[in-house]
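Numbering (my numbering), first residue to last: 369 to 710.
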Amino acid sequence: MEKEILKIKEEILAKAKKIKDPKFLRDLETKYMGRKGEFTKILRSLSKLNDEDKKKVGRLANTVKREIALVFTELKNTLEGGEKGESFVDVTLPGIKMERGHKHPISLLTSDLEDIFTSMGFMVLDGPELESDFFNFEALNIPKTHPARDMQDTFYIDKPNKNGELDLVMRTQTSPVQIRAMREYGAPLKCVVPGRVFRNEAIDAVHDTTFDQFEGFMIGDDISLCNLIAVLKEMLSGVFKQEVKVRVRPGYFPFVEPGIEVDMSCTICGGSGCPSCKQVGWLEMIGAGMIHPKVLEYGGIDSKKYSGFAFGMGVTRLAMMKYGIDDIRLFNGSDMKFLKQF
Ligand code: FA5
């Protein structure tokens, strides 16, 4: 019986090694090792042996069974390209396409803006999205009772401080970083601050509750509105790679004096009027002005010695104009069909 076992082992292994198709390997396994297989039959007949032979031949039969099983597993892996089958590569099969991610359109535009401003010598800064009432409002010359607080309602964090006041807010603008930067670096200073801001706002084609802004400010000797306009022009021609039509009008922000607003001719309708520009042909894009002396003082800068300009731009709206997107809600909508176009 021992000879019989070794003979059938050689037979199985010889046949198995010639197989190139996993289906034939499965057939071979069933033929010899299956419930009614030839090797299984030999194993069953062990019961007829006396105790001593049963022990001896049984040990050999089990070793052979394990060897055969191992060879079948290895061959199966090789043929199916499994665990041990790295060596088997069917170069005729189409490759597995790895889908690559890419930047969100707002991140693309923000990187472009950062490049434009760093080339003009501006520092790029960051600030917290969860901001204190002090930096977001007070230090920007918007005291608690000031009606200007109504211009930017936000989400207050429901955790009162020691005095029972709610003093943590989701920042409504990137302007609080002006104060943080002035305190950290002093004057002269040239910074830009990209970032997300939050407002309790009625949503429509050009208003969202979460959107991106891009703040810029420059503080030094004799800084004037002319410097501001020159920098904004440089920025817009850098982003659009062509002359863009803008208009400047007076605007009120408690943290600048004088204040201006910069509108851009709507690129969706070419200025003739559409839902994206509320039919007026212009879209409000940037709030700006000369930094209020009180704000410089809050930042620890001598307002008699230094002056500065500041602007805050809606990057999400700028992206609408650059890419011809007629509804702001698409940017945060997580629609892959939209995002894959960038
Ligand atoms: C401000 O946020 C000021 N911090 C800007 C500023 C900075 C003025 C420095 C002076 C000096 P305003 O609320 O207008 O201003 O917002 C600035 C820009 O953000 C707007 O011109 C607009 O482009 C964009 N914006 C405002 N509200 C929304 C909104 N709900 N959804 C999308 N974009 C908005």
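Cβ coordinates follow ideal geometry from the N, Cα and C atoms, glycine included.
Assigned exposure category for residue 594 - 16 Cβ within 10 Å defines buried: exposed
Assigned secondary structure, residue 453 (DSSP; H/G/I helix, E/B strand, else coil): At residue 453 the pLDDT is 48, less than 50, meaning the model places this residue with poor confidence; the figure from the coordinates comes in the next sentence. Helix, per DSSP.
Distance CB(residue 571)-CB(residue 669) smaller than 8 Å: no
Separation of residue 460 from residue 583, as counted between CA atoms: 54 Å
Chain-order list of residues whose beta-carbon lies under 6 Å from that of residue 376 (same chain, five-residue window excluded): 407
Neighbour-count burial assignment, residue 519, 16 or more Cβ in a 10 Å radius: exposed
Sheet register partners of residue 578 (DSSP bridge): 566
Proximity winner among 692, 576 and 560, relative to residue 608 (alpha-carbon distances): 692
Secondary structure of residue 426, DSSP reduced to three states: helix
Pick from 481, 498 and 496 that is closest to residue 490, judged by C-alpha positions: 481
C-alpha gap between residue 453 and residue 441, whole angstroms: Confidence at residue 453 is low in this model, with a pLDDT of 48, below 50, so the placement of that residue should be treated as unreliable; the coordinate-derived value is given next. Distance between the alpha carbons of residue 453 and residue 441: 10 Å.
Residue 598, enclosing alpha helix (DSSP H) - first and last residue: 593 to 608
Contact check, residue 432 vs residue 373, beta carbons under 8 Å: yes
Distance CB(residue 544)-CB(residue 508) smaller than 8 Å: yes
Burial state of residue 647, where buried means 16 or more other Cβ atoms lie within 10 Å: exposed
Nearest-angstrom Cα separation, counted from residue 530 out to residue 467: 51 Å
Spatially closest choice to residue 511 from 526, 702, 666 and 525, by CA coordinates: 666
Nearest-angstrom beta carbon gap, residue 676 and residue 591 [assumed within contact, 8 Å]: 5 Å
Three-state secondary structure (DSSP) of residue 467: coil
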